[in-house]
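Worksheet: the structure to be examined is printed underneath.
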Amino acid sequence: MAQKITGPRGTQDVSPYESYKWLLLENKLREVVDQYGFKEIRTPTFEHTELFLRGVGDTTDIVNKEMYTFEDKGKRSITLRPEGTASTVRSVLEKGILNEGLPLKAYYILSCFRYEKPQAGRLREFHQLGIELFGAQDYTADAEVIATGARILKELGLTAVKLNINSIGCPNCRPKYHEKLKEYFAQHIDGMCEDCKARFEKNPLRLLDCKEEKCSAIAKNAPVVIEHLCDECHDHFEGLKKTLDAMGVDYQINTKIVRGLDYYTKTVFEFVYDGIGSQGTVCGGGRYDGLFEELGGNHVPAVGFGMGLERLLLTLEAEGISLGEDSVPEIFFANIGEAAKVYAFTLAEKARAEGMRAQSDLMGRSLKAQMKYADKIKAIYTVVLGDDEVANQSAVAKNMLTKEQITLDLTKPIREQLK
Ligand code: ATP
Ligand code: MG
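Numbering follows my numbering, in which position 377 of the sequence shown is assigned residue number 672; successive positions increment by one, without gaps.
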């Protein structure tokens, strides 16, 4: 026998018996974002590498360590998308979609690729719901994006997931804060990890969210960003808090949140769950007013988030929440004999044309084995067809739960006779 091939490390298969959980989740997500007026955007799985170098930022872990980059046969540098925002902005700019009116509210559910160390809640191919709100400068836009995330979690029953917010300022106030940070961290640089030593020069803000214990211990006493905001950023943050309070969205201020991506300005936030270990950030987002210009567009204010679906599913499981059951066949047509076999197929097709979920035997099983199978797949009604049923065009449908029996006139629509 030939050797079996395994799936690549850090990838996951979803079996036909598990996929309903994904569908139920995705349907719920689509339903909620639709309530807020977000419309789906679809972009390609791969982009020119340059997009992410500029759009995610070359001081980030994503760009430095995690990208799936390769040369295609045309000698172009191509990268599998590590996130969805850069592609969305690229598409919106390229297609002139903002000309249709503002604000633009777009969402996507897609797979992202990052070369990371695989563990629970951290994969090399994972899935995200992202929402992006373009064109609105006001803090109410930040509040609405955050409220969308909070609403999703509420609708899923995930009240244990907590919202943390922060503001990281803008190009006006951040340089001064950077100086303050550097002054502070300069005294501790010897005790920090190698990555942080590089961050010290390139992006000191990033020193605040290093996951190494020795670094986070140092970061604990660092100067706090919201105490160094310019008036505009300060007012924006106050407005956001006021709006969230008014909308009844619970939050905590966490001054250590800076987010991993370079393009964030002002608001940053995370929804965090404590019950699934260190991969507890279910959703992260913020405002990124600088990204459109970075990608060659005009100034367009923007705010959005990315929500990890694998982490959502882990959280649902940890909380013991089920979003529902898989669908079951409404009717199974069993057969005895050659004539009845083809008749069963005709009837199953007829039932489907009436909108029912219907199945019949494909395995040439005995009647007993067919009934056992119907039971296993949880068919609601079973109908046994033999020569008599074929001749009389009449058969008995049995409700497998209530054991109730209904005589069907098979020349008439099936569905309404079962009600
Ligand atoms: P982390 O700090 O956990 O690495 P991140 O800051 O890199 O997260 P984002 O780029 O903001 O994450 O992505 C948004 C969301 O996507 C995260 O909050 C998380 O739920 C999910 N996510 C990110 N990376 C992965 C991954 N490798 N596997 C599974 N989910 C992920
Ligand atoms: Mg990451």
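Heads up, the beta-carbon is just placed ideally off N, CA and C, and yes, glycines get one too.
First and last residue of the uninterrupted alpha helix (DSSP H) at residue i
{"i": "residue 441", "result": "434–450"}
{"i": "residue 472", "result": "469–481"}
{"i": "residue 641", "result": "633–648"}
{"i": "residue 687", "result": "682–687"}
{"i": "residue 363", "result": "Premise fails: residue 363 lies in the beta strand (DSSP E), 363–366, not in any alpha helix (DSSP H)."}
{"i": "residue 586", "result": "586–589"}
{"i": "residue 383", "result": "380–389"}
{"i": "residue 491", "result": "489–497"}
{"i": "residue 670", "result": "662–671"}
heavy atom of ligand 1 below 7 Å from residue i C-beta
{"i": "residue 726", "result": "Because residue 726 is not part of the residues shown, which for the chain are 296 to 714, the question remains open."}
{"i": "residue 602", "result": "yes"}
{"i": "residue 421", "result": "yes"}
{"i": "residue 554", "result": "yes"}
{"i": "residue 418", "result": "yes"}
{"i": "residue 574", "result": "yes"}
{"i": "residue 605", "result": "yes"}
{"i": "residue 411", "result": "yes"}
{"i": "residue 395", "result": "no"}
{"i": "residue 378", "result": "yes"}
Which residues DSSP lists as bridging residue i, in chain order
{"i": "residue 602", "result": "424, 578"}
{"i": "residue 505", "result": "For residue 505, which the question treats as bridged, DSSP gives no partner whatsoever."}
{"i": "residue 626", "result": "653, 676"}
{"i": "residue 564", "result": "460, 580"}
{"i": "residue 692", "result": "678, 701"}
{"i": "residue 414", "result": "417"}
{"i": "residue 712", "result": "According to DSSP, which records beta bridges pairwise, residue 712 is partnered with nothing at all."}
{"i": "residue 548", "result": "460"}
{"i": "residue 374", "result": "342, 364"}
{"i": "residue 429", "result": "399, 597"}
{"i": "residue 533", "result": "Residue 533 is not bridged to any residue."}
{"i": "residue 335", "result": "402"}
Proximity below 8 Å, CB of residue i to CB of residue j
{"i": "residue 374", "j": "residue 403", "result": "no"}
{"i": "residue 646", "j": "residue 685", "result": "no"}
{"i": "residue 598", "j": "residue 428", "result": "yes"}
{"i": "residue 450", "j": "residue 410", "result": "no"}
{"i": "residue 657", "j": "residue 678", "result": "no"}
{"i": "residue 615", "j": "residue 579", "result": "no"}
{"i": "residue 595", "j": "residue 352", "result": "no"}
{"i": "residue 377", "j": "residue 304", "result": "no"}
{"i": "residue 443", "j": "residue 331", "result": "yes"}
{"i": "residue 564", "j": "residue 460", "result": "yes"}
{"i": "residue 518", "j": "residue 471", "result": "no"}
{"i": "residue 358", "j": "residue 347", "result": "yes"}
{"i": "residue 581", "j": "residue 559", "result": "yes"}
{"i": "residue 306", "j": "residue 418", "result": "yes"}
{"i": "residue 568", "j": "residue 625", "result": "no"}
{"i": "residue 448", "j": "residue 566", "result": "yes"}
{"i": "residue 343", "j": "residue 325", "result": "no"}
heavy atom of ligand 2 below 7 Å from residue i C-beta
{"i": "residue 356", "result": "yes"}
Cβ-heavy atom distance, residue i to ligand 3, below 7 Å
{"i": "residue 415", "result": "Ligand 3 is absent from the structure shown, which contains only ligand 1 and ligand 2."}
Segment limits, beta strand (DSSP E) that includes residue i
{"i": "residue 327", "result": "That residue, residue 327, is in no beta strand (DSSP E); its alpha helix (DSSP H) goes 314–330."}
{"i": "residue 403", "result": "399–408"}
{"i": "residue 343", "result": "341–343"}
{"i": "residue 517", "result": "Taken as a continuous stretch (DSSP letters only), residue 517 belongs to no beta strand (DSSP E), as it is neither H nor E."}
Nearest-angstrom beta carbon gap, residue j and residue i [assumed within contact, 8 Å]
{"i": "residue 610", "j": "residue 456", "result": "7 Å"}
{"i": "residue 441", "j": "residue 328", "result": "So it is not a contact: roughly 13 Å between Cβ atoms."}
{"i": "residue 604", "j": "residue 424", "result": "7 Å"}
{"i": "residue 386", "j": "residue 336", "result": "7 Å"}
{"i": "residue 388", "j": "residue 591", "result": "7 Å"}
{"i": "residue 530", "j": "residue 354", "result": "Not quite, the Cβ-Cβ distance comes to about 28 Å (not below 8 Å), so this is no contact."}
{"i": "residue 692", "j": "residue 705", "result": "10 Å between Cβ atoms; not a contact."}
{"i": "residue 487", "j": "residue 510", "result": "5 Å"}
{"i": "residue 369", "j": "residue 574", "result": "With 8 Å as the limit, residue 369 and residue 574 do not qualify as a contact, their Cβ atoms being about 37 Å apart."}
{"i": "residue 639", "j": "residue 662", "result": "Residue 639 to residue 662, Cβ: 11 Å. No contact."}
{"i": "residue 664", "j": "residue 627", "result": "12 Å between Cβ atoms; not a contact."}
{"i": "residue 390", "j": "residue 333", "result": "Incorrect: roughly 17 Å between the Cβ atoms, too far for contact."}
{"i": "residue 515", "j": "residue 499", "result": "About 16 Å separates the two Cβ atoms, so there is no contact after all."}
{"i": "residue 589", "j": "residue 350", "result": "6 Å"}
{"i": "residue 363", "j": "residue 408", "result": "5 Å"}
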